[in-house]
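Here's the structure we're looking at; comments come further down.
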Amino acid sequence: MISAYTVAGVLRAESVALQRHGPTVLMYRAAFAVAQAALAGLSGHLIPGSRALLLVGGGNNGGDALVAGTILRRRGVAVTAFLANPKQVHEAALAQFLKAGGRVVVGMENTSVATLFGRADVIIDGLVGIGATPPLRPAAAALVELANATSAYKVAVDIPSGVHPDTGAAPGVSFAADVTVTFGGVKTGLLAQPGELVLAAVGMDVSAEAVDACSLTEIPGLLGDPGTRADKYSDGVVCVVAGSTTYPGAAILCVGAAVRLRPGMVRYAGPQAAEVVRHWPEAVATGTVSGAGRSQAWVVGPGMGTDQDALDRLTVVIDKPEPVLVDADGLTLVSRHPHLLVSRQLRGRTTVLTPHEGEFARLFPDLDLSDRLTATRTAALRSHAVVVLKGSATIISDGAHTFVNRTGCGWLASAGTGDVLSGVIGSLLATGAPPLTAAAAGVFLHGLAGERLHAAGLAGASQLWDHLR
Ligand SMILES: NC(=O)C1=CN([C@@H]2O[C@H](COP(=O)(O)OP(=O)(O)OC[C@H]3O[C@@H](n4cnc5c(N)ncnc54)[C@H](OP(=O)(O)O)[C@@H]3O)[C@@H](O)[C@H]2O)[C@H](O)CC1
Ligand SMILES: [K+]
Numbered sequence: 001m002i003s004a005y006t007v008a009g010v011l012r013a014e015s016v017a018l019q020r021h022g023p024t025v026l027m028y029r030a031a032f033a034v035a036q037a038a039l040a041g042l043s044g045h046l047i048p049g050s051r052a053l054l055l056v057g058g059g060n061n062g063g064d065a066l067v068a069g070t071i072l073r074r075r076g077v078a079v080t081a082f083l084a085n086p087k088q089v090h091e092a093a094l095a096q097f098l099k100a101g102g103r104v105v106v107g108m109e110n111t112s113v114a115t116l117f118g119r120a121d122v123i124i125d126g127l128v129g130i131g132a133t134p135p136l137r138p139a140a141a142a143l144v145e146l147a148n149a150t151s152a153y154k155v156a157v158d159i160p161s162g163v164h165p166d167t168g169a170a171p172g173v174s175f176a177a178d179v180t181v182t183f184g185g186v187k188t189g190l191l192a193q194p195g196e197l198v199l200a201a202v203g204m205d206v207s208a209e210a211v212d213a214c215s216l217t218e219i220p221g222l223l224g225d226p227g228t229r230a231d232k233y234s235d236g237v238v239c240v241v242a243g244s245t246t247y248p249g250a251a252i253l254c255v256g257a258a259v260r261l262r263p264g265m266v267r268y269a270g271p272q273a274a275e276v277v278r279h280w281p282e283a284v285a286t287g288t289v290s291g292a293g294r295s296q297a298w299v300v301g302p303g304m305g306t307d308q309d310a311l312d313r314l315t316v317v318i319d320k321p322e323p324v325l326v327d328a329d330g331l332t333l334v335s336r337h338p339h340l341l342v343s344r345q346l347r348g349r350t351t352v353l354t355p356h357e358g359e360f361a362r363l364f365p366d367l368d369l370s371d372r373l374t375a376t377r378t379a380a381l382r383s384h385a386v387v388v389l390k391g392s393a394t395i396i397s398d399g400a401h402t403f404v405n406r407t408g409c410g411w412l413a414s415a416g417t418g419d420v421l422s423g424v425i426g427s428l429l430a431t432g433a434p435p436l437t438a439a440a441a442g443v444f445l446h447g448l449a450g451e452r453l454h455a456a457g458l459a460g461a462s463q464l465w466d467h468l469r
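Residue 1 is where the sequence shown starts when you use full-length UniProt numbering, and the numbers rise one by one after that.
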């Protein structure tokens with residue numbers, strides 16, 4: 001997890017840095033980092049003689065690309081700059097680039113455009129940075145589309161063009177960066193972007209501007225040391241209300257994650273009690289929520305179905321004073337019966353909601369998911385809950401603070417992994433950890449477990465619990 005900054009914050013820090021160092025120094029440092037990323041992407045190619053294509057817009061982002069191209073040129077790379085708008089270009093950077101032997105191309109009617117893009121080993125996107133708002137204008141969008149269709153290594157300067165620097169929304173076409181080299185501080189809009197992220201310290205101090213401080217140094221403290229526990233109840237009991245005759249697996253997965261993450265006491269309440277105990281003899285299982293006994297946190301919803309019986313179970317859990325995590329079928333039921341959440345809000349009780357995008361859209365139909373950061377923040381403010389919007393970059397927000405998780409891998413979107421995540425977060429909630437911390441740490445650990453499994457050549461939700469810690 002990393003700290004991120006809005007454009008307004010970066011610009012405030014930048015104005016101080018500009019006074020101290022001057023624009024040329026900042027641009028050179030930025031460009032140097034971009035050139036390094038491009039050279040790293042060219043590894044495997046012979047650097048002298050390899051081809052770089054610069055997409056150059058009219059602002060400083062284009063200037064950065066031209067200076068990076070100048071540095072590459074001096075390393076023997078054949079560099080061509082495509083000027084999106086020849087009437088507006090960073091003059092000083094262009095002069096240096098030409099002096100170093102860079103080539104300039106203007107205009108899409110040029111017949112060699114397709115060859116130019118097709119032959120490039122690396123493409124550097126300096127069309128727009130933080131001074132522009134998407135969608136891209138047609139000329140820039142056309143260049144991005146051409147670039148995205150190639151297999152060249154793609155380096156974005158500061159932010160992939162077409163992506164909103166604050167929100168990550170991409171309302172039109174956007175540059176499909178393999179790596180983004182961003183300057184001074186990570187822009188909040190980058191957090192939810194795929195691809196590698198490199199932060200280049202160009203000499204500005206953004207420390208006063210952090211909006212989303214994402215540090216998970218507290219994870220070891222959350223997990224605790226089993227050897228120091230007074231007894232099995234002392235660091236919190238989680239009760240899982242999940243599963244049904246149709247979906248027994250959800251109960252096993254959810255309980256399993258909780259048992260493996262913090263093997264204190266895990267309770268289960270529901271129709272799969274016998275099955276749960278068969279898999280997890282350490283769990284205390286019962287058929288009904290009312291018979292479950294005291295717990296410090298509740299997880300409700302995975303695989304429980306959406307029938308009357310499920311609604312009855314949900315209603316009992318929702319009434320609990322302890323923190324409640326609602327997932328999966330629980331979320332579907334809440335979207336049909338919104339008063340259930342309102343009753344928790346009115347009493348100031350802690351709730352964590354863990355929707356994927358489909359469930360989110362049912363819960364908050366008016367929120368625009370093309371801007372996932374803002375949608376999650378707004379949902380959290382509106383529901384007085386911690387909202388975990390699952391996806392390739394899971395976003396966790398309580399409305400005031402927002403975390404974006406970058407651990408994980410593609411197959412974590414498969415069936416059952418959400419049940420494991422609920423068990424993990426529920427188990428952390430039972431420690432008494434602040435709900436935002438528990439949710440963010442849970443998502444982080446779950447992603448890490450996925451990465452470890454992937455590295456071991458394995459996949460599948462039921463393997464995840466072995467790799468949680
Ligand atoms: N933060 C730092 O320390 C450093 C930042 N640098 C780089 O500077 C850019 C920001 O540069 P700026 O000149 O403010 O703006 P941009 O280059 O991002 O964008 C302006 C150009 O984009 C055109 N534009 C605007 N909107 C669109 C659009 N929707 N589609 C296409 N083009 C657009 C705009 O054209 P106008 O006609 O509106 O003028 C400009 O041509 C930052 O991101 C860093 O890369 C420093 O160089 C290093 C230090
Ligand atoms: K860019």
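Ideal Cβ positions, reconstructed from N, Cα and C, are used throughout, including at glycine.
The model shown is predicted, which means the values in this text are computed figures rather than measured ones.
Give the straight-line distance between the Cα atoms of Gly236 and Ala152, rounded to the nearest whole angstrom.
-> In a straight line, the C-alpha of Gly236 is about 52 angstroms away from that of Ala152.
Hey, is Pro160 close to ligand 2, as in C-beta under 8 angstroms from one of its heavy atoms?
-> Checking the 8 angstroms criterion, the Cβ of Pro160 is within range of a heavy atom belonging to ligand 2.
DSSP state of Tyr5, grouped into three classes?
-> When secondary structure is reduced to three states using DSSP, Tyr5 falls in the strand class.
Starting from the Cα of Gly62, find the closest Cα among Leu11, Thr70 and Leu127 and give me that residue.
-> Per the Cα distances, Leu127.
Is any heavy atom in ligand 2 found nearer than 8 angstroms to the beta carbon of Gly126?
-> Under cutoff, so the answer is yes.
Does any heavy atom of ligand 3 sit closer than 8 angstroms to the C-beta of Pro134?
-> Judged by which ligands are present, ligand 3 is missing from the structure shown, whose ligands are ligand 1 and ligand 2.
Do you know offhand how far Cys214's Cα is from Leu421's?
-> Note that Cys214 has pLDDT 44, beneath the 50 cutoff, so the model's placement of it is unreliable and no number is given.
So, using beta-carbon positions, are His181 and Ala156 closer together than 9 angstroms?
-> In the sequence as presented, His is not what sits at residue 181; that position holds Val. Judged by their CB atoms, Val181 and Ala156 are nearer to each other than the 9 angstroms cut-off.
Considering Cys409, what are the terminal residues of the beta strand (DSSP E) in which it resides?
-> Per DSSP, Cys409 belongs to no beta strand (DSSP E) and is neither H nor E.
Same chain only: Cβ atoms within 6 angstroms of Leu333, ignoring 5 sequence neighbours per side = Taken in chain order, the residues that qualify are Thr306, Leu311 and Leu314.
Phe82: CB within 8 angstroms of a non-hydrogen atom of ligand 2 | It does not: the Cβ of Phe82 is nowhere closer than 8 angstroms to a heavy atom of ligand 2.
Thr180: beta carbon under 8 angstroms from a heavy atom of ligand 1?
-> False, no ligand heavy atom lies under 8 angstroms from that Cβ.
In this structure, does DSSP put Ser215 in helix, strand or coil?
-> A caution first: Ser215 carries a pLDDT of 45, below 50, which makes its placement in the model too unreliable to give a value.
Touching or not, the segment 378-397 and the segment 435-452, by the rule of three or more beta carbon pairs under 8 angstroms?
-> Flag = yes, the segment 378-397 and the segment 435-452 touch.
Going straight from the alpha carbon of Leu83 to that of Gly256, what length do you get?
-> Their Cα atoms are separated by approximately 56 angstroms.
Examine ligand 2 and report whether any of its heavy atoms sits within less than 8 angstroms of the Cβ of Gly249.
-> Answer for Gly249: no, Cβ out of range of ligand 2.
To the nearest angstrom, report how far apart Gly184 and Leu199 are at their CA atoms.
-> Gly184 and Leu199: Cα-Cα distance of roughly 7 angstroms.
Whole-angstrom distance between Ile395 and Ile318, CA atom to CA atom | Rounded to whole angstroms, Ile318 to Ile395 spans 24 angstroms at the Cα level.
Three-state secondary structure (DSSP) of Ser43 = Ser43 falls in the strand class under three-state DSSP.
Note down, one range per segment and in chain order, each beta strand (DSSP E) of at least 3 residues found wholly within the segment 301-376.
-> Counting only runs of 3+ residues, the beta strand (DSSP E) found wholly inside the segment 301-376 occupies 324-326 and 351-353, in chain order.
Any heavy atom of ligand 2 closer than 8 angstroms to the CB of Gly129?
-> Between ligand 2 and the CB of Gly129, the shortest heavy atom gap is smaller than 8 angstroms.
Cβ atoms of Leu72 and Ala93: under 9 angstroms apart, would you say?
-> Between Ala93 and Leu72, the C-beta gap is not smaller than 9 angstroms, which leaves the two residues out of contact.
Have a look at Asp327, Thr351 and Gly301 and flag the residue whose alpha-carbon is nearest the alpha-carbon of Lys320.
-> With distances taken between CA atoms, Lys320 lies nearest to Thr351 out of Asp327, Thr351 and Gly301.
Quick one: give me the first and last residue of the beta strand (DSSP E) that Val155 is part of.
-> Looking at the DSSP string, the run of the beta strand (DSSP E) that includes Val155 is Tyr153 to Val157.
Should Phe175 be listed as close to ligand 2, given that the test is whether its C-beta is under 8 angstroms from any heavy atom?
-> Flag set: Cβ of Phe175 near ligand 2.
Say the cut is 8 angstroms; is the CB of Val157 nearer than that to a heavy atom of ligand 2?
-> When distances are taken from the beta-carbon of Val157 to the heavy atoms of ligand 2, the shortest one is below 8 angstroms.
By a C-beta neighbour count over all protein chains shown, 10 Å radius and 16 as the cutoff for buried, is Leu54 buried or exposed?
-> It is buried - the Cβ of Leu54 has at least 16 other Cβ atoms within 10 Å.
Do you know how far the Cα of Ala242 is from the Cα of Gln272?
-> Rounded to the nearest angstrom, the two C-alpha atoms are 8 angstroms apart.
CB-CB under 8 angstroms to Ser343, same chain, minus the five flanking residues each way: which ones, in chain order?
-> Ile318 and Asp319, listed in sequence order.
Please determine if the segment 13-23 and the segment 162-170 are in contact, where contact requires at least 3 C-beta pairs separated by less than 8 angstroms.
-> Proximity of the segment 13-23 to the segment 162-170 falls short of the contact definition, fewer than three beta-carbon pairs being nearer than 8 angstroms.
In chain order, which beta strand (DSSP E) runs of at least 3 residues are fully inside the segment 88-123?
-> DSSP runs (the beta strand (DSSP E)) wholly in the segment 88-123: 103-106.
Whether Trp280 touches Val299 by CB criterion (9 angstroms) = In this structure, the beta-carbon distance from Trp280 to Val299 does not fall below 9 angstroms.
Ignore the nearest five residues each way along the sequence and tell me which others in Leu39's own chain have a CB closer than 6 angstroms to its CB.
-> Within the same chain, no residue comes within 6 angstroms of Leu39 by CB-CB distance, once the 5 residues on both sides are set aside.
Inter-residue spacing [alpha-carbon to alpha-carbon] between Ala176 and Val163 = When rounded, the distance between both Cα atoms is 10 angstroms.
Got a sec? Which residues, its chain only, sit under 6 angstroms from Asp419 by beta carbon, not counting five neighbours each side?
-> Correct list, in chain order: Ala250, Leu253, Cys254 and Pro302.
Along the alpha helix (DSSP H) that carries Ile252, what are the first and last residues, could you check?
-> Start and end: Pro248 to Leu261.
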